[in-house]
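Colleague: Next up is a structure, given as structure tokens.
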Amino acid sequence: MPNNKQQALLKDTGIHQLYGENPFAADQLLWGRQSEPLTRRGFLKKSSLMAMGAALGMSIPFARNMPAGLIPAAFAAEGAADVIPGKDGLVVLNDRPVNAETPAHLLNDDITPNDRMFIRNNGIPPENVEPDTWTLEVGGESCQRPTSFTIADLRSRFEEVSLQLQLECGGNGRSEFVPAASGNQWTTGAVGCPIFTGVRLRDVLNYCGVSEDAVYVGYYGADTHTSGNPDLDPISRGVPIAKAMERESIIAWAMNGEDIPMQNGYPLRMVCAGWPGSVSGKWLNRLVVRDRVHDGEKMSAPSYSVPTVPVAPGSRVPNEDMRIIESMPVKSLVTFPQSGISQDFRQRMTVRGHAWAGDNQISAVFISIDFGATWLPSALNPAANRLAWQTWETWVQFPEPGYYEIWARAMDERGRSQPMVVPGWNPRGYLNNACHRVAVQAV
Ligand SMILES: Nc1nc2c(c(=O)[nH]1)N[C@H]1C(S)=C(S)[C@@H](COP(=O)(O)O)O[C@H]1N2
Ligand SMILES: [Mo]
Numbered sequence: 002m003p004n005n006k007q008q009a010l011l012k013d014t015g016i017h018q019l020y021g022e023n024p025f026a027a028d029q030l031l032w033g034r035q036s037e038p039l040t041r042r043g044f045l046k047k048s049s050l051m052a053m054g055a056a057l058g059m060s061i062p063f064a065r066n067m068p069a070g071l072i073p074a075a076f077a078a079e080g081a082a083d084v085i086p087g088k089d090g091l092v093v094l095n096d097r098p099v100n101a102e103t104p105a106h107l108l109n110d111d112i113t114p115n116d117r118m119f120i121r122n123n124g125i126p127p128e129n130v131e132p133d134t135w136t137l138e139v140g141g142e143s144c145q146r147p148t149s150f151t152i153a154d155l156r157s158r159f160e161e162v163s164l165q166l167q168l169e170c171g172g173n174g175r176s177e178f179v180p181a182a183s184g185n186q187w188t189t190g191a192v193g194c195p196i197f198t199g200v201r202l203r204d205v206l207n208y209c210g211v212s213e214d215a216v217y218v219g220y221y222g223a224d225t226h227t228s229g230n231p232d233l234d235p236i237s238r239g240v241p242i243a244k245a246m247e248r249e250s251i252i253a254w255a256m257n258g259e260d261i262p263m264q265n266g267y268p269l270r271m272v273c274a275g276w277p278g279s280v281s282g283k284w285l286n287r288l289v290v291r292d293r294v295h296d297g298e299k300m301s302a303p304s305y306s307v308p309t310v311p312v313a314p315g316s317r318v319p320n321e322d323m324r325i326i327e328s329m330p331v332k333s334l335v336t337f338p339q340s341g342i343s344q345d346f347r348q349r350m351t352v353r354g355h356a357w358a359g360d361n362q363i364s365a366v367f368i369s370i371d372f373g374a375t376w377l378p379s380a381l382n383p384a385a386n387r388l389a390w391q392t393w394e395t396w397v398q399f400p401e402p403g404y405y406e407i408w409a410r411a412m413d414e415r416g417r418s419q420p421m422v423v424p425g426w427n428p429r430g431y432l433n434n435a436c437h438r439v440a441v442q443a444v
């Protein structure tokens, strides 16, 4: 437990804000730790080590490797779970519109159950949905035969496919950016990988005739703008035609063999996995084949866009110096053990989680229990299909009792690896793929 002075500091500001404003000052304030911001090498003085050990209630065997400016994972605990109908243990970040993330340990299943799939709403979901009369209109200037389909039409005209597909919000991990980026302060839980059933987007598009000049496919959904203004769309994004034509891009009516949950887009949604979740339109009722980059709501910078070149944290970036995010970066999550757990140090501990890398595959996952000084490779399962996450599992054994962190680092097939610390700051706080860390108390 933190001592009184630490508790008072944490109560007034909160550990994320404290570290968010100035991680090195936070280290100094909470633990009396002097550090060198540029190298992050800041070794712990004996007194700071004792302060941190006292707050944790245990010793820190690998303290000499502990980097400066990182919140000990034991204190970075997730918020309290709220109750959303049909959802289990999700943490609500916003209730209008509803945005809720899944604590890492609740994502331990290989296939994310419906009640643990995160929710990211930009507007207000439709009410009183009638699946039997729901229609999907396909049109746009580069569509040769605009057509309207009921869900029954889609089912009868096209081949049905079921694929496990990974969706991650572009802003997942935003809470760690310094200075803070506006938007939902996602920690790690805006990601999931259920099985979706539906038809291939390309089969539907080909049926409707795609012109030579087609560039993009945009979606519209039945949700409404939070302002109540019927002329405004909450969001209308999409994907370039090549991504739309991939065999894994689908129009789905089922998730894990059941109706798609209301908050996740019932009765019909697009799933174009590996890209920011925002390209996968929910409550889908219209697709437009465009002869230009789709210009729907939240298609233009700074929404879902990042600077074309690295920028200094806190910079103002002109919209023309931003590009639309496409494939998401390599990332992983430790889903077992739950952060904060106790473990008998004489026994091996199973460690497992998932890893994913946008349009690419994962080639390796490494684990460290000594703050990144040494890394051991984990066993890694193949993906169920392209664009599904990959589950990894290994074990660790702690040399003596004390405070440890388990760090996971994934590498994609092109050799790109997750950064240890938060990567390139950007104005809207997208694409944080820093290593996930969980705390373990070995006793
Ligand atoms: N119609 C519509 N589609 C949408 C959204 C939305 O608000 N409205 N949110 C998008 C965003 S930003 C994300 S990350 C994913 C989230 O999908 P989920 O809520 O099923 O997890 O849906 C995308 N599709
Ligand atoms: Mo998102």
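At position 424 of the sequence shown (counting the first as 1) the number is 425 in this note's numbering, and the numbers step up by one without a gap. Don't be surprised by glycine CBs; every beta carbon is placed ideally from N, CA and C. As the structure is a computational prediction, the values presented were derived from the model and not from experiment.
Could you tell me whether the segment 190-200 touches the segment 240-250, using the rule of 3 or more Cβ pairs below 8 angstroms?
Modeller: no
Colleague: Suppose the cutoff is 6 angstroms on Cβ atoms and the five residues either side in sequence are ignored; what does the same chain contact list for Ala105 look like?
Modeller: Thr189, Leu334 and Thr336
Colleague: My guess is that Val331 and Asn434 are in contact by the Cβ rule of under 8 angstroms, so how many angstroms apart are they, rounded?
Modeller: The pair is a contact, with the Cβ atoms about 6 angstroms apart (cut-off 8 angstroms).
Colleague: Starting from Tyr208 and walking both ways along the beta strand (DSSP E), at which residues does that stretch end?
Modeller: First-last for Tyr208: Leu202 to Cys209, but that is the alpha helix (DSSP H), not the beta strand (DSSP E).
Colleague: Would you check if the segment 250-261 and the segment 154-170 touch, i.e. whether three or more CB-CB distances between them fall below 8 angstroms?
Modeller: Touching, per the Cβ criterion.
Colleague: Taking a cut-off of 5 angstroms, which residues have a beta-carbon closer than that to any heavy atom of ligand 2, in chain order?
Modeller: Arg121, Cys170, Gly278 and Ser279
Colleague: Can you give me the C-alpha to C-alpha distance between Leu432 and Pro24, rounded to a whole angstrom?
Modeller: 20 angstroms
Colleague: Could you name the residues of the same chain whose beta carbon sits closer than 6 angstroms to that of Ala182, not counting the 5 residues immediately before and after it, in chain order?
Modeller: Arg175, Arg429 and Gly430
Colleague: For ligand 1, any of its heavy atoms closer than 6 angstroms to the Cβ of Phe230?
Modeller: Reading off the sequence, residue 230 comes out as Asn, not Phe. Annotation for Asn230 indicates a beta carbon at 6 angstroms or more from all heavy atoms of ligand 1.
Colleague: Residues in its own chain within less than 8 angstroms of Trp396 by CB, not counting five upstream and five downstream?
Modeller: Arg349, Met350, Thr351 and Val352
Colleague: Judging by CA-CA distance, which residue of Tyr220, Val422 and Gln186 is the nearest neighbour of Leu288?
Modeller: If we check each option's Cα against that of Leu288, Tyr220 comes out closest.
Colleague: Taking all protein chains shown into account, do 16 or more other C-beta atoms lie within 10 angstroms of the C-beta of Arg291, making it buried, or fewer, making it exposed?
Modeller: Classification of Arg291: buried, given that the 10 Å Cβ count is 16 or more.
Colleague: List the DSSP bridge partners of Pro195.
Modeller: DSSP, once it has assigned bridges, lists no residue as partnering Pro195.
Colleague: Tell me whether Asn265, by its Cβ, gets closer than 6 angstroms to a heavy atom of ligand 1.
Modeller: yes
Colleague: DSSP three-state call for Pro24: helix, strand or coil?
Modeller: helix
Colleague: Which whole-angstrom value is the C-beta distance of Phe367 and Trp376, which I expect to be below 8 angstroms?
Modeller: 4 angstroms
Colleague: Suppose the cutoff is 6 angstroms on Cβ atoms and the five residues either side in sequence are ignored; what does the same chain contact list for Gln362 look like?
Modeller: If we look at Gln362 and ignore the five residues flanking it on each side, its Cβ neighbours are Glu414.
Colleague: From Thr205 to Leu31, what does the alpha carbon distance come to, in whole angstroms?
Modeller: As written in the sequence, residue 205 is Val, which differs from the Thr given in the question. Spanning the two alpha carbons is a distance of roughly 58 angstroms.
Colleague: Within the same chain, show all residues whose beta-carbon is closer than 7 angstroms to that of Arg324, passing over the 5 residues directly before and after it, in chain order.
Modeller: Ser306, Val307 and Thr309
Colleague: In chain order, what residues of the same chain lie with their CB nearer than 6 angstroms to the CB of Glu142, ignoring the 5 residues before and after it?
Modeller: Asp292
Colleague: On the three-state DSSP scale, how would you describe Glu394?
Modeller: In the three-state scheme derived from DSSP, where H, G and I count as helix and E and B as strand, Glu394 is classed as strand.
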